[in-house]
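In this note's numbering, the protein residues as written are 9 to 589.
See structure below.
Given below as structure tokens:
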């Protein structure tokens, strides 16, 4: 008896022998089609996984930006509830856990597009948002308004920024991009009034329908028009001012009456052209402060701010009403003995900035709490970081040449934490002038060639009064070298061993009196040499990159703000490799 499968096989073989070419072609076509389908699905899967992971990363960053808490240590339902007020935690689009992206066996292209669009709508609102507008003028001079229909810009990977827009006639009602230039216009190139491309070259080829931005000659004039349009109405979208290369001799002052919707992430943004070198975009007033922020919340990015007046002025300063500020990727400088590069209040974050003053102070504030200083290089003559009163994190930051690296001048009620920082050639690494009722934590930090690592005033030690450091002063895996006094109260000095013997001091893993072997600190290179004892000797403290953005081992990071330049094989791995031989 012949089975059905055998019978089918015999017929197939006979057909192949009779029509070999047709079958061979069909099999190759089917195989090629299968390969192409698999390749499309693999690519779609990767794109989906990337979008999924980016979604969670944006949720995490949004939460940490506005709370100061590490999202990884929080319940994710709380994180999502903060980032997306009123969300339904039972809805499938809002998983309360942070899962790995699901493996999709088959993922048609249209299905992926739908998923990508859905994920895009879930992204925290940081750049471009529904309801914002764009001031544009066409060739005939007609004023048009472009209304955003998508939530976020799309980077094509070709050094071009794409924004989904629909264009209609109308009055000027709000801003998407308010372009500030030195006189050039920048075309917004579009196709069928759906997708527009922002170009920085006004003479470039125009594709499809196009309009041209009507630029403002000063930053303040753009902000004033923005205030005229927006007024004190609660933001329903983020508002964005982009500043192009030029030297702007003005003090920039966002209006105090602006009403950003911080709970939903609708904020005013002021950013230098990200396609240009930051040092080409200069806010450089002859007199007065550089930027004076009066409104409740603000984001400032990619600018060089250097006021020229020799007086008690600041590159960036804030009013008492400023409750939240993010300053990122900026060069901030003043040159007055009493001036500050940036003066803070509360809820302010300073990320990836260069802070310079050969005569004055760096970062200060009378009521600075809820602060984060991350990825900064601070080179000043007087006090690098001053006036912070609690719930402060300083991480992956280099401080050099200062009278005091970090100075606590006001009573602080909550934790001050330094992690993965480098203090070089400071008179005092840390100086405490104020009382405390909470902890101080110093983790994975280098103090090199500082006169005093820790300085207290009023001849008060924590063991006697418990008023300077609070309940606990934690030292973990730090390196101290080249100091005169480890701790000094102006009258009595203490060695490292004597200091950590205090009951309220909790210390472990420190390298005392051991040279960290910085590569060339006098020339500004604070990376670790080959053979540095600080390589791989840190403890996991939540910092995963150094001041330059280079990745560090999350569990065994290098001590200090700048990692060893070459990839490092951890000692455990070296031992394992040796045993295998």
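Glycine included, each C-beta is placed from N, C-alpha and C at the ideal position.
(request) Just the C-alpha distance for residue 370 and residue 556, rounded to the nearest angstrom, thanks. (result) Start at 1 with the first residue of the chain shown, and residue 370 comes out as number 362. Start at 1 with the first residue of the chain shown, and residue 556 comes out as number 548. Roughly 19 Å separates the two Cα atoms.
(message) Run through the DSSP bridge pairs and tell me what residue 425 is partnered with.
(response) Translated into the one-based positions of the chain shown, residue 425 becomes position 417. DSSP output for residue 425 lists 401, 449 as bridge partner(s).
(request) Report yes or no: do three or more beta-carbon pairs, one from the segment 516-527 and one from the segment 535-553, lie closer than 8 Å? (result) A contact exists between the segment 516-527 and the segment 535-553.
(message) Checking 8 Å against the spacing of the C-beta atoms, do residue 344 and residue 318 come in under that value?
(response) Here residue 344 corresponds to residue number 336 of the chain shown, with the count starting at 1. Here residue 318 corresponds to residue number 310 of the chain shown, with the count starting at 1. Yes.
(request) Thinking residue 385 and residue 362 are a contact (beta carbons under 8 Å), I'd like their distance in whole angstroms, please. (result) Here residue 385 refers to the residue found at position 377 when the chain shown is read from its first residue. Here residue 362 refers to the residue found at position 354 when the chain shown is read from its first residue. Yes, they are in contact, since the Cβ atoms of residue 385 and residue 362 sit about 5 Å apart, within 8 Å.
(message) Whole angstroms are fine: how far does the CA of residue 484 sit from the CA of residue 270?
(response) Mapped onto the chain shown, residue 270 falls at position 262. Mapped onto the chain shown, residue 484 falls at position 476. Distance between the alpha carbons of residue 270 and residue 484 is about 36 Å.
(message) Taking the alpha-carbon of residue 294 as reference, which of 309, 321, 285 has the nearest alpha-carbon?
(response) Stepping through the chain shown from its first residue, residue 294 is reached at position 286. Among 309, 321, 285, the Cα nearest to that of residue 294 is on 321.
(request) Can you tell me which of 297, 465, 373 puts its alpha carbon nearest to the alpha carbon of residue 257? (result) The count along the chain shown starts at 1 and reaches residue 257 at position 249. Here the closest residue by C-alpha is 297.
(request) Work out the CA separation of residue 312 and residue 287 for me, nearest whole Å. (result) For the purposes of this step, residue 287 is taken as residue 279 along the chain shown, with counting starting at 1. For the purposes of this step, residue 312 is taken as residue 304 along the chain shown, with counting starting at 1. One C-alpha to the other measures close to 6 Å.
(request) Tell me whether the beta-carbon of residue 277 lies closer than 8 Å to the beta-carbon of residue 268. (result) If you number the chain shown from 1, residue 277 lands on position 269. If you number the chain shown from 1, residue 268 lands on position 260. It is not a contact, given that the beta carbons lie outside the stated cut-off.
(request) Consult DSSP for residue 333 and reduce its assignment to one of helix, strand or coil. (result) In the chain shown, the residue the question calls residue 333 occupies position 325. Secondary structure at residue 333: strand, using DSSP grouped into helix, strand and coil.
(request) State buried or exposed for residue 340, treating a residue as buried only when at least 16 other CB atoms are found within 10 Å of its CB. (result) Here residue 340 corresponds to residue number 332 of the chain shown, with the count starting at 1. Buried: at least 16 other Cβ atoms inside 10 Å.
(request) In the DSSP assignment, find the alpha helix (DSSP H) that holds residue 234 and state where it starts and stops. (result) Position 226 of the chain shown, counted from the start, is the residue given in the question as residue 234. From DSSP, the alpha helix (DSSP H) with residue 234 extends over 227-238.
(request) Could you check if residue 304 is buried or exposed, using at least 16 other CB atoms within 10 Å of its CB as the buried criterion? (result) Taking the first residue of the chain shown as position 1, residue 304 is located at position 296. Note on residue 304: 16 or more other CB atoms within 10 angstroms of its CB, so buried under the neighbour-count rule.
(request) Please specify which runs of the beta strand (DSSP E), each continuous and at least 3 residues long, are wholly inside the segment 467-545, giving them in chain order. (result) The beta strand (DSSP E) runs lying completely inside the segment 467-545 and spanning 3 residues or more are 481-484, 487-489, 493-496, 513-516, 526-528, 533-536, given in chain order.
(message) Is it buried or exposed, residue 428, if we count other Cβ atoms within 10 angstroms and call 16 or more buried?
(response) To locate residue 428, count along the chain shown from 1; it is residue 420. Buried, by the Cβ-count rule.
(request) Look up residue 39 in the DSSP assignment and say whether it is helix, strand or coil. (result) Locating residue 39 in the chain shown gives position 31, where the first residue counts as 1. Helix at residue 39.
(message) For residue 4, report the span of its beta strand (DSSP E) as first-last.
(response) Within the shown structure, residues of the chain are numbered from 9 to 589, placing residue 4 beyond reach of any answer.
(message) So, for residue 437: in the same chain, excluding its five sequence neighbours on each side, which residues have a beta-carbon less than 6 Å away from its beta-carbon?
(response) The residue given as residue 437 occupies position 429 in the chain shown. If the five residues before and after residue 437 are omitted, its C-beta is found closer than 6 Å to the C-beta atoms of 413, 431, 455, 458, 461, all from its own chain and listed in chain order.
(request) Tell me whether residue 464 is buried or exposed, calling it buried when 16 or more other Cβ atoms sit within 10 Å of its Cβ. (result) As a working note, residue 464 is residue 456 in the chain shown. A buried status is given to residue 464, since no fewer than 16 other beta-carbon atoms sit within 10 Å of its beta-carbon.
(message) Using the three-state DSSP reduction, which class does residue 201 fall into: helix, strand or coil?
(response) On the chain shown, position 193 is the one that residue 201 refers to. At residue 201, the pLDDT of 32 sits below 50, so the modelled position is not reliable; the number obtained from the coordinates is stated separately. In the three-state reduction of the DSSP assignment, residue 201 falls in the coil class, being assigned neither a helical nor a strand state.
(request) Identify every residue that forms a DSSP beta bridge with residue 357. (result) Locating residue 357 in the chain shown gives position 349, counting from the first residue. Beta-bridge pairing links residue 357 to 334, 380.
(message) Suppose you measure from the CA of residue 408 to the CA of residue 387; what does that come to, to the nearest Å?
(response) Within the chain shown, the letter at position 400 stands for residue 408. Within the chain shown, the letter at position 379 stands for residue 387. Going from the Cα of residue 408 to the Cα of residue 387 covers about 5 Å.
(request) Kindly indicate which three-state DSSP category residue 394 falls into: helix, strand or coil? (result) On the chain shown, position 386 is the one that residue 394 refers to. Assigned with DSSP and collapsed to three states, residue 394 falls in strand.
(message) What does the Cβ neighbour count give for residue 503, buried or exposed, with the cut at 16 atoms within 10 Å?
(response) Your numbering for residue 503 matches position 495 in the chain shown. Here residue 503 is exposed. Its C-beta has fewer than 16 other C-beta atoms within 10 Å.
(request) List the whole-angstrom C-beta distance separating residue 249 from residue 231, where the pair is believed to meet the contact cut-off of C-beta under 8 Å. (result) Residue numbering aside, residue 249 sits at position 241 when the chain shown is read from its first letter. Residue numbering aside, residue 231 sits at position 223 when the chain shown is read from its first letter. With 8 Å as the limit, residue 249 and residue 231 qualify as a contact, their Cβ atoms being about 7 Å apart.
(message) I need the straight-line Cα distance from residue 316 to residue 300, nearest angstrom please.
(response) By 1-based counting over the chain shown, the position of residue 316 is 308. By 1-based counting over the chain shown, the position of residue 300 is 292. Rounded to whole angstroms, residue 316 to residue 300 spans 15 Å at the Cα level.
(request) For residue 312, name the three-state secondary structure that DSSP assigns. (result) By 1-based counting over the chain shown, the position of residue 312 is 304. Reduced to three states, the DSSP call for residue 312 is strand.
(request) With DSSP collapsed to three states, give me the class of residue 44. (result) For the purposes of this step, residue 44 is identified with residue 36 of the chain shown, where counting begins at 1. For residue 44, the secondary structure class from DSSP, reduced to helix, strand or coil, is helix.
(request) Tell whether a beta-carbon distance below 8 Å holds between residue 402 and residue 381. (result) Indexing the chain shown from 1 puts residue 402 at position 394. Indexing the chain shown from 1 puts residue 381 at position 373. Taking 8 Å as the Cβ cut-off, residue 402 and residue 381 qualify as a contacting pair.
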